[in-house]
Structures are given as structure tokens and as C-alpha cells.
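**Student:** In the working numbering, the protein residues as written are 0 to 319.
Virtual Cβ for every residue (Gly too), placed ideally from N, Cα, C.
Owing to the predicted nature of the structure, the values given are computational and were not obtained by experimental measurement.
(1) Quick one: grab the DSSP three-state call for residue 231.
(2) Note down, in chain order, each residue of its chain lying with its Cβ closer than 6 angstroms to the Cβ of residue 149, except the 5 sequence neighbours on either side.
(3) Whose CA, out of 241, 64 and 292, lies closest to the CA of residue 13?
(4) Check whether the Cβ atoms of residue 179 and residue 53 lie closer than 7 angstroms to each other.
(5) Touch check for the segment 161 to 168 and the segment 188 to 207: three-plus C-beta pairs under 8 angstroms?
(6) Taking only runs of the alpha helix (DSSP H) that begin and end inside the segment 175 to 208, which ones reach a length of at least 4 residues, in chain order?
(7) Taking 8 angstroms as the threshold, find out whether the segment 212 to 227 comes into contact with the segment 287 to 304 through three or more Cβ pairs.
(8) For the beta strand (DSSP E) containing residue 69, list its first residue and its last residue.
(9) Would you please state the rounded distance, in angstroms, between the beta carbons of residue 21 and residue 46? I believe it to be under 8 angstroms.
(10) Three-state secondary structure (DSSP) at residue 85?
(11) Check residue 65 in the structure and name its three-state DSSP category.
(12) Which class does residue 129 belong to by DSSP, given the choice of helix, strand or coil?
(13) Pick out whichever of 121, 105, 301 and 188 has its Cα sitting closest to the Cα of residue 157.
(14) Given that a residue counts as buried once 16 or more other Cβ atoms are within 10 Å of its Cβ, and exposed if not, what is residue 210?
(15) With a cut-off of 8 angstroms on the beta carbons, I'd call residue 116 and residue 34 a contact; round off their distance for me.
(16) If we ignore side chains and look at the alpha-carbon of each, how far apart do residue 246 and residue 310 end up?
(17) Can you name the start and end residues of the alpha helix (DSSP H) that residue 114 belongs to?
(18) For residue 216, collect the residues of the same chain with a Cβ closer than 6 angstroms to its Cβ; drop the 5 residues on either side in sequence, then sort them by chain order.
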């Protein structure tokens, strides 16, 4: 189900027009939300569709629920468009397929596929559409992938390597696009970029240099945990390495910068909340000392990790 209220979201729904105009309305909606495309459906007379779009910095998270359809990105549309982003797409429930670069890829629910809008493509949904389509600017993708001018769509399989993590992450947003507005933009972008790189590029075996870099990065992050908005680019700059090199070191260690930072912050928060001498310090201040500028974000993250609110965690620990 689509959320009833979602601050800052853009919405389109075929409920706004008569049945005979719904498919035309839908074509206009996807062109406005994404970019110019053609769309047909064998259920044109009874077409039904809803779309929610939530922006997070340069990225856009789009939840689509609609009738069966076939979508085409043509050469004419490409020639008319100024923007040529990538789309990372995952279906929640049904098999579907993508055609690009002469390759036809059969996809299962949960498989995530990266499609280049600078090249013609076809998206075929034999059953109802329940997808997340994340719009990724071309320049942003170039920061994470060594090769962006790939002739065909690329798949992160739901049951292979880092594709498992990327699949689960995408499906969360397919179900709840509003999550994109609850996470700091830079953390969301860093986490997605790191998983995308790890899932779509050749695996990197741990090396002594990589493990050393990972250890130095974690030590630096511990020293700066109270810095709200700490970004991977800050750590890479301080260590004198490229952002891609830093993220590949985390991937080789079977983790990401965002997950590591979150783990370090929550472990420190749990430790501070357990100290009797800090019993008079507010939960909000504890979160701030661990890098959480937003108190509600801190509470959500802590409860997700420990299944207890910070206040309850503190009461239980100090009562022992």
C-alpha cells in the first residue's frame, strides 16, 4: 500500500482521471516523474496506476504500483532529452524482463537492474507492477563505477554476493519510499553507491594494504564520531586516498562505510548510556556526542539495532 501521507513527496494517480484517459495520463506521469518514454498496456481500458517520488539530494526514490505494461525508451526520446540518468529498478513480487544493448535479461522479484537512459531499452512487466525505480545522476554513478558506458543493463542478483544486500535495501524502498526522507542524504547516497559498486564490479580480495587502510579508516572514524555529517569523502581526504579506494577497502572487508559508521556510533552510544556518571545527561545529548544531530534519527537507529529505545536501554543497564 502507498503511504497516505508523505511530506515532500510528489504523487500521481490514475484515480484523478476517467477510465478512458488513464493510460494517456499514466504516460504523461512517467514522463514527468522520470524522463520521456512510451508505454502500452493490454489492460488499457482498465488501467490503474500510482506513483510516489521522494527526493534525497541528487537521488530520487520512486515507488510505482500499476497495471501490467511495456515501457520503451526510444532513440527519438533520447535525442530530445537533456538528462540521461541511470535507473536502479527492483520488482517486489513478479518476474519481468529488460531489453538493452541486444540482451534480454529475465529478472526475478528482488533482482536489481541498472539501466542507462542514454541507450534505448525496453521494460516488460507481464504482471502488475510493484517496483522501486531509483534515479541516479550520470555524474554520481561515475563516482562509484569505473565503467558507466556499458552497452547493456547490469544486474545485481538477489542471491549472489553483494546483490543480496542491495536487493534487500531496494525492496525496503519499494515498500516504504518515505525512508528516503528519514536518512541523512549523504549517508543514503554513500551506502547505495558502495553497495552498487560492490555488487556490479568484480570482487576485490582482501590485501594487506586494504586491511591496513580499513583499520586506519575505522580508527579515524572513532576519533570523529561526534562529528555530525561525517562523510566517506572526509575520511578519504584525511587518509590521502580516493573515495573509490576507500569504499573498495570496506567492500573487501564485507562491509560499507555507512554500516561501519552506524555500528561504531551505536556501540559508543550504548556504552555512554550504560555509564552511571552520565545518568544525568539527556538522551539527545548522548546522541549528539555520537554524531546524531537529529534526536529522532538517533532513537530510530538505536531501537532498530537493540530493539529498545535509548531511554529504556539506560534504565535497564543502570538498574542492574
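**Tutor:** By the coordinates alone:
(1) Of the three classes helix, strand and coil, the one that applies to residue 231 here is helix, per DSSP.
(2) Nothing meets the Cβ criterion.
(3) The shortest C-alpha separation from residue 13 is found at 64.
(4) Going by C-beta atoms, residue 179 is nearer than 7 angstroms to residue 53.
(5) Touching, yes, given that three or more Cβ pairs across the two stretches are closer than 8 angstroms.
(6) Listed in chain order, they are 184 to 199.
(7) Counting Cβ pairs under 8 angstroms, three or more are found: they touch.
(8) Its beta strand (DSSP E) spans residues 68 to 72.
(9) The beta-carbon separation of residue 21 and residue 46, rounded to 4 angstroms, stays under the 8 angstroms limit for a contact.
(10) Reduced to three states, the DSSP call for residue 85 is strand.
(11) Assigned with DSSP and collapsed to three states, residue 65 falls in strand.
(12) Looking at residue 129 - three-state DSSP - the assignment turns out to be strand.
(13) Nearest Cα to residue 157 within the set 121, 105, 301 and 188: 105.
(14) Around the C-beta of residue 210, fewer than 16 other C-beta atoms lie within 10 Å, and the residue is accordingly described as exposed.
(15) Correct: roughly 6 angstroms between the Cβ atoms.
(16) Across the structure, residue 246 and residue 310 are spaced so that their CA atoms are roughly 34 angstroms apart.
(17) Not the alpha helix (DSSP H): residue 114 falls in the beta strand (DSSP E), residues 111 to 115.
(18) So the list reads 234, once near-sequence residues are dropped.
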